[in-house]
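Enquirer: Handing you a structure now.
Protein chains in written order, with the numbering used here: chain H, 506 to 828; chain W, 51 to 153.
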């Protein structure tokens, strides 16, 4: 961290969230002497003692708190998606998929359908709740902060990288590209290490892309002006309070995540009851031990759900903040 | 609104109000303008300490940022407060000069 960054860090977080960006630009132009450094230190001390000055600042702090809570739920949701996609890969490439297709094991099928319904509810809640906030944040990034524009490109690059890799794997599958040690078509009994690495690479790109995109979205939303909380849509007389709106849908997302977690554990239990031998064998996209893979997936889901509810509890007290 | 409520930031606050009297400015522009206008160079910490208080009191208002520089403008209340303070100073200056001129 350079001197400017260090000096800004001296200020309280709430102050930095409001003035940090413009103050850094000012320091780029006018930080000339030790007297300036001393003046900034005094200013930081004053901000620690006096800031927030009155109700308006407290409202801003509450909005920042609400926004961070929403972002925590969003990041937790992305973590849950990674776990959910891994569960889909495990189930789809194992005898459990055939068992579900026969539709004879009703509890197993019902738990799987519950997971799918929960996934749709959570996705809709994220999209409906997040669109107004995303619109305001992207508009702010496009009009006010050029440095934020690079963050907008990260989800696009992550998506393109995944598409490119999928095309590469498809070309191998179609025999258009040949790599030593990698077969165009694999089976459970003939799954060479080259193919495992190929699929593992795809999973790695997906996970890294999800993490990078989540950080980018976090940065864009967190950098947006918290005062711009209202959005007029569909000619409604009353504007949408974007953060309050997003928080309500965060509750839905978190509830859907809990539902999916319970359904996943139930699905694992019904699967184990029907085919206990599968859990001691190697299945899934990477042919890893089924029981171990399932435990890792459930752990990711538990941690993600816990993080989402932590975000909800954190933001609940300020959910009705108005600006 | 009395600027003396700002404590040690009351003088810088008056300078900022005077700087914004002829149009919106961002932090660095205010700093330069004040230095040209009065010969006083406000430190960055002092500038933003006063600026935050003025904004909080509704005497100035922030505008949408451009390239991360956020301009501020005088509000109607801010213009009234500036006028009141300058009238007081004018009265003080006039009285002081008259007394100095008196034999």
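Quick reminder that beta carbons are idealized off the backbone N, C-alpha and C, glycines included.
(1) Does DSSP put residue 681(H) in a helix, a strand or coil?
(2) Go ahead and label residue 821(H) buried or exposed: buried means 16 or more other beta carbons lie within 10 angstroms of its beta carbon, across all protein chains shown.
(3) Going by DSSP, which residues form a beta bridge with residue 123(W)?
(4) Beta-carbon of residue 670(H) versus every beta-carbon of chain W: anything under 9 Å?
(5) To the nearest angstrom, report how far apart residue 522(H) and residue 514(H) are at their CA atoms.
(6) Report buried or exposed for residue 72(W), applying the criterion of at least 16 other Cβ atoms within 10 angstroms of its Cβ.
(7) Considering only residues of the same chain and omitting the five flanking positions on each side of residue 771(H), which have a CB-CB separation below 6 Å?
(8) Work out the CA separation of residue 548(H) and residue 542(H) for me, nearest whole Å.
(9) Could you compute how far the alpha carbon of residue 553(H) sits from the alpha carbon of residue 143(W)?
(10) Contact check, residue 619(H) vs residue 768(H) under 8 Å by CB: the rounded distance?
(11) Give me the chain H residues within the contact set of residue 81(W), using Cβ-Cβ distance strictly less than 7 Å, ordered along the chain.
(12) Assign residue 100(W) to buried or exposed, taking buried as 16 or more other Cβ atoms, counted over all protein chains shown, within 10 Å of its Cβ.
(13) I need the DSSP call for residue 758(H), collapsed to helix, strand or coil.
(14) Based on Cα-Cα distance, which residue from 640(H), 789(H), 791(H) lies nearest to residue 746(H)?
(15) Might you give, ordered along the chain, the residues of its own chain that have their beta carbon closer than 7 Å to the beta carbon of residue 583(H), omitting 5 neighbours on each side?
(16) Would residue 658(H) be called buried (16 or more neighbouring beta carbons within 10 Å of its own) or exposed?
(17) Just the C-alpha distance for residue 797(H) and residue 823(H), rounded to the nearest angstrom, thanks.
(18) Is residue 603(H) near residue 790(H), with beta carbons less than 9 Å apart?
(19) Assuming the contact rule is C-beta atoms closer than 8 Å, residue 122(W) and residue 111(W) should be a hit. Round their C-beta distance to whole Å, please.
(20) Looking at residue 749(H): is its Cβ nearer than 9 Å to the Cβ of residue 571(H)?
(21) Does residue 114(W) have its Cβ less than 9 Å from a Cβ in chain H?
(22) Which chain W residues are close to residue 830(H), counting only those with a beta carbon under 9 Å from its beta carbon?
(23) Compute the distance between the beta-carbons of residue 66(W) and residue 86(W), then report whether it is under 9 Å.
(24) Relative to the alpha-carbon of residue 136(W), which residue among 149(W), 58(W), 69(W) has its alpha-carbon at the smallest distance?
(25) According to the Cβ coordinates, are residue 536(H) and residue 637(H) closer than 9 Å?
Expert: For this structure:
(1) coil
(2) The residue is exposed, with fewer than 16 neighbouring Cβ atoms inside 10 Å.
(3) 111(W)
(4) no
(5) The alpha-carbon of residue 522(H) is positioned some 11 Å away from that of residue 514(H).
(6) exposed
(7) 616
(8) Straight through space, the alpha carbons of residue 548(H) and residue 542(H) are spaced by roughly 10 Å.
(9) 37 Å
(10) 4 Å
(11) 535
(12) buried
(13) helix
(14) 640(H)
(15) 715, 719
(16) exposed
(17) 40 Å
(18) Contact annotation: residue 603(H) and residue 790(H) have beta-carbon atoms that are not nearer than 9 Å.
(19) 7 Å
(20) yes
(21) Answer yes: the Cβ-Cβ gap between residue 114(W) and chain H drops below 9 Å somewhere.
(22) The shown model of chain H, from 506 to 828, leaves out residue 830(H), and the question about it has no answer.
(23) No, these two residues do not count as a Cβ contact at 9 Å.
(24) 69(W)
(25) no
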